[in-house]
Amino acid sequence: ETGVTQTPRHLVMGMTNKKSLKCEQHLGHNAMYWYKQSAKKPLELMFVYNFKEQTENNSVPSRFSPECPNSSHLFLHLHTLQPEDSALYLCASSQGSTLRDEQYFGPGTRLTVT
Amino acid sequence: AQRVTQPEKLLSVFKGAPVELKCNYSYSGSPELFWYVQYSRQRLQLLLRHISRESIKGFTADLNKGETSFHLKKPFAQEEDSAMYYCALREETSGSRLTFGEGTQLTVNP
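So this is what it looks like as structure tokens:
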């Protein structure tokens, strides 16, 4: 599959569970992003990785732990989440992280925390 | 902090009618503005950006720095334009950070 892929597409987890979201991009990009889209709220940037290095953490709680082993893969490790963390989590990538670099989005993972 | 406002959560027009989706921003510098679109069951994708000054699928948007607006317009709406539209802003100094509005759901009725 080309573009940006995300797995799983849907995830239901309890508050004591540990799970991971995976994002993979097949575009040869160097920057990757995690966004959170909650109901009735704007899309919020969570993390930015550029050449595998985290360059931005938008005050995200520590129960969300990102990992970027290489420029093609990005993970979001989840533990002891709260029901309010239920949302659509979108991954994106771009060639670089400059003003003119277009971000390409994945389809998202719909997370429900019970 | 920068902010993007889309005052209309829902907008409904008839096919062939003009459509305008409003976007206002608050930022003191020189931002780059974008419109993203998400069609039903498809991923979020870039529609257009102000620096390109191009028309995509008949849509145009002009950055008005005096009014701090970046409204999206199309003279004759089509049913396939029905989608969720997000306005987004990138600061000149932020590099990668995009700030999104809450989105407007456009429905074009036959």
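Chains A and B supply the protein sequences, listed in that same order. Here the first sequence is numbered in my numbering, starting from 7 and rising by one per residue. Here the second sequence is numbered in my numbering, starting from 5 and rising by one per residue. Positions of the beta carbon are idealized from the N, C-alpha and C atoms, including for glycine. All of these numbers come straight from a predicted model, not from anything done at the bench.
- At a cut-off of 7 angstroms between C-beta atoms, Gly105/B counts as an interface residue with respect to chain A.
- Arg57/B: not part of any beta strand (DSSP E); DSSP gives it neither H nor E.
- Spanning the alpha carbons of Cys91/B and Pro113/A requires a straight line of approximately 19 angstroms.
- When the alpha-carbon of Val8/B is set against those of Gly105/B, Ile55/B and Glu58/B, the nearest one is in Gly105/B.
- Taking the Cβ atoms as the reference, Leu110/B lies roughly 5 angstroms from Leu15/B, within the contact range of under 8 angstroms.
- For Arg47/B, the nearest beta carbon of chain A is closer than 7 angstroms to its own beta carbon.
- Any Cβ of chain B closer than 7 angstroms to the Cβ of Glu108/A would place that residue at the interface, and such an atom is present.
- Following the DSSP letters along the chain, one finds Ala92/B inside the beta strand (DSSP E) bounded by residues Ala87 to Arg94.
- By the neighbour-count definition (other C-beta atoms within 10 Å, threshold 16), Gly33/B is an exposed residue.
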